[in-house]
Amino acid sequence: MPELPEVEVVRRGLQEHVVGRCIETAGFFGARVARRHLPGPVDLADRLHGNVIHSAERRGKYLWLVLEAPDGHPQGLIIHLGMSGQLLVEAASAPHEAHLHATFDFADDGPQLRFVDRRTFGGMALADLVPDPHVPSVGAAPRTWGIPESITHIAPDPLEPAFDQRAVIARLKARHTAVKRSILDQGLISGIGNIYADEALWRAQIHGERESAALSKPALGRLIGHARDVMLEALQHGGTSFDALYVNVNGASGYFDRSLNAYGREGRPCPRCGSPIRREAFMNRSSHSCPRCQPRPRTVG
DNA sequence: CGTTCCTCCTGCTAGC
DNA sequence: TGCTAGCAGGAGGAAC
């Protein structure tokens with residue numbers, strides 16, 4: 030479930046606890062955590078030895094650590110949390126968690142970074158850093174270090190300077206598919222998952238199966254604005270809980286308990302009109318919406 | 001090409 | 001009470 034706000038909380042934890050440190054030894058356990066690193070887990074561990082962590086970056090749901098290898102070559106360690114990934118900062122002597130897939134020991138005597146992932150949809154890979162193809166020719170300044178080559182297909186998220194709302198609206202107007210499918214497409218706008226998609230659609234009073242191209246530009250603009258707002262609010266709720274030496278995705282956001290209006294609220298009253306929230310199958314997932322505020326389209330887009 | 005569908009995975013829960 | 005089927009869903013790649 031980590032979407033943009035939860036991943037940003039983790040990024041801030043990494044910035045606080047591992048940036049500036051030198052990786053002494055990395056270990057990867059099992060075949061899946063490094064599956065996107067094609068040379069394999071042993072190669073990945075070898076290449077990380079002696080690297081200094083310069084910064085912790087994020088685009089959408091992707092994290093990466095900017096590293097400088099002992100030979101001076103900069104590179105990015107991509108980290109995706111998938112469905113259930115957690116990064117923990119703990120003493121090396123702490124008992125190993127079930128589903129511990131990676132450990133990082135540092136040249137200092139400080140705590141260890143661990144990657145724990147029950148469902149193994151998450152993973153790590155090393156990539157070269159390249160100029161960001163999404164930075165417009167005028168406007169946002171490029172990142173100091175560039176972005177990992179293997180995630181250049183991921184679009185900017187609504188919280189970064191490179192986000193170009195007019196360009197995104199133009200692409201949404203060209204999509205002849207359901208608008209919810211469009212805003213979940215990380216190559217079009219990144220960071221939004223099923224939860225925040227449902228919340229943004231509820232706020233915008235748009236049913237997710239309405240055709241993307243058939244919505245007006247102002248309506249699409251409002252939808253994007255609501256997506257940005259709901260993720261910012263979640264970030265504000267969740268951004269205070271990592272002062273301990275423990276970066277916990279699941280504990281990152283109290284937002285789920287209090288502030289969701291549609292997602293996971295099947296049968297409970299719509300906070301706006303009181304109608305019971307409905308749940309529908311969509312894209313082999315669940316979609317939650319208000320039947321009165323978000324009427325279904327006559328024809329599926 | 002744009003769009004849709006399937007698969008990876010494990011823990012939890014509803015229902016027989 | 002114990003089993004199984006169903007559900008949760010991010011993202012890449014196959015399939016249409």
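Just so you know, we're using my numbering here: the first sequence kicks off at 30 and counts up by one.
Just so you know, even glycine gets a beta-carbon here, dropped at the ideal spot from N, CA and C.
If you're wondering where the values come from, they're calculated on a predicted model, not measured in any experiment.
**Study point:** Whole runs of the beta strand (DSSP E) within the stretch 123 to 196, excluding any shorter than 3 residues
**Key:** 129 to 135, 141 to 146, 152 to 159
Point to revise | Close Cβ partners of LEU264 (< 6 Å) along its chain, the five nearest in sequence each way excluded | key: Along the first sequence, read from residue 1 onward, the residue named residue 264 stands at position 235. Taking C-beta separations shorter than 6 Å and ignoring five residues to either side along the sequence, the partners of LEU264 in its chain run PRO34, GLU37, following chain order.
**Study point:** Buried or exposed (CB count within 10 angstroms, at least 16 for buried), GLU295
**Key:** In the first sequence, residue 295 corresponds to position 266, counting from 1. Exposed, because fewer than 16 other Cβ atoms sit within 10 Å of the Cβ of GLU295.
Check your understanding: Exposed or buried, what is HIS130 when buried is set at 16 or more other beta-carbons lying within 10 Å of its beta-carbon?
Key -> In the first sequence, residue 130 corresponds to position 101, counting from 1. HIS130 comes out buried.
Review point. For the 8 Å Cβ check, are there 3 or more pairs between the stretch 169 to 181 and the stretch 124 to 144?
Key: no
Review point. So which of LEU116, ALA74, PRO165 has the shortest CA-CA distance to PRO140?
Key: Sequence index remark: in the first sequence, residue 140 carries index 111 (1-based). When each option's Cα is compared against that of PRO140, the closest is LEU116.
Point to revise | Buried/exposed call for ALA310, threshold 16 Cβ in 10 Å | key: Numbered from 1 along the first sequence, position 281 holds the residue referred to as residue 310. With fewer than 16 other Cβ atoms within 10 Å, it is exposed.
Check your understanding: In terms of DSSP beta bridges, what is LEU73 paired with?
Key -> Taking the first sequence and counting its residues from 1, one reaches residue 73 at position 44. In DSSP, LEU73 forms no bridge with anything.
Check your understanding: Are the CB atoms of PRO187 and GLY222 nearer to each other than 9 Å?
Key -> The sequence position of residue 187 within the first sequence is 158, counting from 1. The sequence position of residue 222 within the first sequence is 193, counting from 1. Not a contact, by the Cβ cut-off of 9 Å.
Review point. What three-state label does DSSP hand ILE198 in the structure shown?
Key: Residue 198 sits at position 169 when you count from the first residue of the first sequence. Here ILE198 sits in helix by DSSP.
Review point. Is there contact here, the stretch 211 to 220 with the stretch 181 to 195, by at least three beta-carbon pairs under 8 Å?
Key: yes
Exercise for review: Grab me the residues of TRP231's own chain with a C-beta within less than 6 Å of its C-beta, minus the 5 sequence neighbours each way, in chain order.
Suggested key: The residue you call residue 231 lines up with position 202 of the first sequence. Cβ-Cβ distances below 6 Å link TRP231 to ASN290, ALA291 in the same chain, with the five nearest sequence neighbours on each side left out; the list follows chain order.
Exercise for review: Report the rounded CA-to-CA distance for ARG88 versus GLU189, giving the unit in angstroms.
Suggested key: As a working mapping, residue 88 is identified with position 59 in the first sequence. As a working mapping, residue 189 is identified with position 160 in the first sequence. Computed Cα separation, rounded: 8 Å.
Review point. How big is the Cα-Cα spacing for VAL197 and ALA242?
Key: In the first sequence, the residue the question calls residue 197 occupies position 168. In the first sequence, the residue the question calls residue 242 occupies position 213. Using only the alpha carbons, I get a separation of about 12 Å.
Check your understanding: Between ILE180 and ILE108, which are expected to be in contact by the criterion C-beta below 8 Å, what is the C-beta distance as a whole number of angstroms?
Key -> Looking up residue 180 in the first sequence gives position 151. Looking up residue 108 in the first sequence gives position 79. So it is not a contact: roughly 11 Å between Cβ atoms.
Practice item. Identify whether HIS83 lies in helix, strand or coil by the three-state DSSP scheme. Key: Within the first sequence, residue 83 is the residue found at index 54, counting from 1. Strand, per DSSP.
Practice item. Please report how far the alpha carbon of CYS299 lies from the alpha carbon of SER288, in whole angstroms. Key: In the first sequence, counting from the first residue as 1, residue 299 sits at position 270. In the first sequence, counting from the first residue as 1, residue 288 sits at position 259. Answer to the nearest angstrom: the Cα atoms are 12 Å apart.
Practice item. Compute the Euclidean distance between the alpha carbons of ALA203 and CYS302, then round it to the nearest angstrom. Key: Numbered from 1 along the first sequence, position 174 holds the residue referred to as residue 203. Numbered from 1 along the first sequence, position 273 holds the residue referred to as residue 302. Answer to the nearest angstrom: the Cα atoms are 32 Å apart.
Check your understanding: Do LEU94 and GLY101 have their CB atoms nearer than 9 Å?
Key -> On the first sequence, residue 94 is found 65 positions in, with the first residue counted as 1. On the first sequence, residue 101 is found 72 positions in, with the first residue counted as 1. For LEU94 and GLY101, no; Cβs fall outside 9 Å.
Point to revise | Identity of the residue in MET153, ARG41, VAL71 nearest LEU110 by Cα | key: As a position in the first sequence, residue 110 is number 81, starting the count at 1. Ranking MET153, ARG41, VAL71 by Cα distance to LEU110 puts MET153 first.
Point to revise | Beta-carbon proximity of GLU228 to ASP134, cut-off 9 Å | key: The residue labelled residue 228 in the question sits at position 199 within the first sequence. The residue labelled residue 134 in the question sits at position 105 within the first sequence. Not in contact: GLU228 and ASP134 (Cβ atoms no closer than 9 Å).
Exercise for review: Going by CA-CA distance only, name the one from ALA120, MET260, ILE224, GLN234 that's closest to LEU142.
Suggested key: Your numbering for residue 142 matches position 113 in the first sequence. Answer by Cα proximity: ALA120.
Review point. Going by beta carbon distance, what residues of the same chain come within less than 7 Å of ILE315, once the five residues before and after it are set aside?
Key: The residue given as residue 315 occupies position 286 in the first sequence. Per the sequence shown, residue 315 should be read as Ser rather than Ile. Hits under 7 Å: ARG308.
**Study point:** Collapsed DSSP secondary structure at VAL47 in the structure displayed
**Key:** Residue mapping note: residue 47 aligns to position 18 of the first sequence, counting from 1. The answer is coil: DSSP assigns VAL47 none of H, G, I, E or B.
**Study point:** Helix, strand or coil at SER211 according to DSSP, with G and I counted as helix
**Key:** Taking the first residue of the first sequence as position 1, residue 211 is located at position 182. Residue state, collapsed to three classes: helix.
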